[in-house]
Amino acid sequence: MNHTESSYMYHMLGISEEVRIYGQKIEDMLRERFREFDETAEYNQLKVLNAMQENRVSEACFHYASGYGYNDMGRDTLESVYASAFHTEAALVRPQITCGTHALCVALSANLRPGDELLSPAGKPYDTLEEVIGIRPSKGSLSEYGVTYRQVDLLKDGEFDYPSIEKALNERTKLVTIQRSKGYQTRPSFSVKKIGELIAFIKERRPDVICMVDNCYGEFVERIEPSDAGADMIVGSLIKNPGGGLAPIGGYIAGKEELIENCASRLTSPGLGKEVGASLGVMQSFYQGFFLAPSVVCGALKGAVFAANIYENLGFSVVPDGRESRHDIIQAVTLGSPEGVVAFCKGIQAAAPVDSYVTPEPWAMPGYDSDVIMAAGAFVQGSSIELSADGPIKHPYAVYFQGGLTWNHAKFGILKSLQSLIDDDVLPIERLRGL
Ligand SMILES: *Cc1c(COP(=O)(O)O)cnc(C)c1O
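Each residue of the sequence shown is one higher than the last, beginning at 23 in my numbering.
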């Protein structure tokens, strides 16, 4: 074996020839898909670059600001860059927003008042929002402050239940929350176009209702964002897509000026708003991460489609399937057994640049009703734009896979997961020979 061949390196890193060649065949089938992702990334790269140039990003934007952070130019300019790229009036992009859940919590609590009603017209929101809203009782929830909640579930085919949504809208409805990504549910993720249709339906009936989109995992997957399709606010985490893998913390809210002002008052304090909140030296990573994000998301999408096709061709059920269009970076693979879930996650962990030598094990995580196994060897703790996977140890024994800072690493991680299934006798190697 020639030491400068990739096949040699795969061998060194524990990938057998059969697995490598099977992966190569799958990759060869995906050339056209990958070209489409590259074209979207090209468009989004130019969109971000244009936003940076328009707002005259300069070296001074990366300077360290401390204390109150008055006149923190790096922070203020970055917020203008986000607003330009997402075509909104304003944005709040801060390291003081600790995560995606916090960003969503700020956006909701800043714009709802006692007596108002929050409506989710697309079924149950992300797990961590249950306690924010008070679906599961929790200290400080919206429910404790007298904000009520109403939910309209999706129809069996995953479509919006328009007649029920119409009925659920009432004079107290103040804000509608729509989650773009399926998260860890089995419904499909929504395209921006589809979200736009839902928003148009709501606005026709109640033009004054605020439409917010939980944009987590969706940024830069398409050429447009929900803010281009009528959303008043979009919200996300910087340790997912828009941080490009470089942001060490943070969240963003982008939208109408007045709503963002409300968010700033809630995040810092009434009267202080956007004026305080020092950026403490993280600005370069925020800018650079946002600049890289279209490419990083492209790599993650290639990984997701590669995983879908690798496992679909072996007879596993995958969501989305190998050919569907993509609206987020999450790939679900149903392995059908606890051993399968564990072996898959062990493979992802063993592929990591950090903590590759540890073996993940299922444990009883707070907030979940079964043991969960998580694989992550990330530079930033919990970062799920980096190669990661997790699976609840319960029927139907599915894992949720996402991320990869580069396509090459995502590919390697998926091959490693497959190798692990074979090495642990979950999958007979003969199955690879069917292709
Ligand atoms: C990840 C995620 C969240 C919460 O973000 P955290 O950073 O984990 O708090 C909310 N909604 C969706 C759809 C997500 O994917």
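Where a beta carbon is used, it is the ideal one built from N, C-alpha and C, also for glycine.
Suppose you measure from the CA of residue i to the CA of residue j; what does that come to, to the nearest Å?
i	j	result
D461	A365	Since the first and last residues shown for the chain are 23 and 457, residue 461 lies out of range.
V128	G299	15 Å
P418	D149	18 Å
A420	S28	31 Å
M234	L100	21 Å
D183	V327	29 Å
S301	L443	44 Å
L314	N66	10 Å
D254	D179	27 Å
V231	I37	54 Å
D98	L289	15 Å
S307	P117	11 Å
A113	G45	42 Å
L197	Y171	10 Å
G91	V115	14 Å
M51	R57	12 Å
H124	G273	8 Å
D367	P136	In the sequence as presented, Asp is not what sits at residue 367; that position holds Cys. Near 44 Å, if we compare the C-alpha coordinates of P136 and C367.
V282	A105	Just to set this straight, residue 282 is Ile in the shown sequence, not Val. Spanning the two alpha carbons is a distance of roughly 11 Å.
E244	V319	10 Å
L130	L176	22 Å
A354	N93	45 Å
D250	L35	44 Å
Y86	P270	15 Å
L126	T356	29 Å
Q403	A222	38 Å
P185	E219	14 Å
G337	V304	45 Å
H431	L409	8 Å
L164	P248	25 Å
Y30	P316	31 Å
V341	P210	8 Å
L134	E334	44 Å
S347	A411	21 Å
S339	S160	36 Å
G89	S80	22 Å
Y460	G258	With the chain covering only 23 through 457, there is no way to say anything about residue 460.
Could you tell me which residues DSSP puts in a beta bridge with residue i?
i	result
D412	M396 and Y422
L114	I275
T170	E139
T195	E139
Q201	D236
W429	Answer is none; W429 lacks a bridge partner.
V340	V355
Under three-state DSSP, which class holds residue i?
i	result
A354	strand
I155	helix
S405	coil
V257	strand
My assumption, with CB atoms under 8 Å, is that residue i sits in contact with residue j. Please give the rounded CB distance.
i	j	result
A329	I436	5 Å
A276	T110	4 Å
Y239	D350	4 Å
E152	R158	4 Å
G399	V376	4 Å
F423	A373	Between A373 and F423 the Cβ distance is about 11 Å, and since that is not below 8 Å, they are no contact.
G295	A286	4 Å
G362	G311	The Cβ separation is near 34 Å, so there is no contact.
S102	N72	With 8 Å as the limit, S102 and N72 do not qualify as a contact, their Cβ atoms being about 13 Å apart.
S406	I224	30 Å between Cβ atoms; not a contact.
I352	K204	7 Å
V174	L140	Not a contact, Cβ separation roughly 12 Å.
P147	Q201	6 Å
P388	Q371	Incorrect: roughly 21 Å between the Cβ atoms, too far for contact.
L454	E181	Between E181 and L454 the Cβ distance is about 37 Å, and since that is not below 8 Å, they are no contact.
K438	G369	4 Å
Y379	P414	Not a contact, Cβ separation roughly 25 Å.
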